[in-house]
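A.B. asks: In UniProt numbering, the protein residues as written are 1 to 76.
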């Protein structure tokens with residue numbers, strides 16, 4: 001079982017979010033060899049004004065050891 005949470009700066013369309021979820025599903029199937037029914041994906045919109053406190057600090061700064069792709073920006 002795989003569960004992916006994607007946090008995005010708000011403003012993406014439902015079509016873009018669904019396309020992203022579909023492509024992540026395809027990638028997980030190809031790379032991990034899992035069936036689509038073993039995958040769940042959540043997409044969460046986050047206001048840019050809340051990004052640092054809701055995402056950057058708790059998910060990036062405090063969990064650096066888990067990041068496989070580090071950001072090239074600092075929101076402050």
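Built from N, CA and C at the ideal position, the CB exists for glycine as well.
All of these numbers come straight from a predicted model, not from anything done at the bench.
Spatial neighbours of residue 42 within its chain, please: CB distance less than 8 Å, with the 5 preceding and 5 following residues excluded, ordered by chain position.
C.D. replies: Your numbering for residue 42 matches position 42 in the chain shown. Correct list, in chain order: 3, 4, 5, 6.
A.B. asks: Please name the residue in 61, 45, 40, 8 whose C-alpha comes closest to that of residue 76.
C.D. replies: As a first step, residue 76 is located in the chain shown; it is residue number 76 there, counting from the start. Checked all of 61, 45, 40, 8; the closest Cα to residue 76 is 61.
A.B. asks: What would DSSP say about residue 34, mapped onto helix, strand or coil?
C.D. replies: Stepping through the chain shown from its first residue, residue 34 is reached at position 34. Coil, per DSSP.
A.B. asks: Which partner residues does residue 8 have in the DSSP bridge list?
C.D. replies: Indexing the chain shown from 1 puts residue 8 at position 8. For residue 8, which the question treats as bridged, DSSP gives the partners 45.
A.B. asks: Does the Cβ of residue 56 have 16 or more other Cβ atoms within 10 Å, making it buried, or fewer, making it exposed?
C.D. replies: Numbered from 1 along the chain shown, position 56 holds the residue referred to as residue 56. Classification for residue 56: buried.
A.B. asks: Is it a yes or a no for the region 19-28 touching the region 39-54, going by three-plus beta-carbon pairs under 8 Å?
C.D. replies: Yes, the region 19-28 is in contact with the region 39-54.
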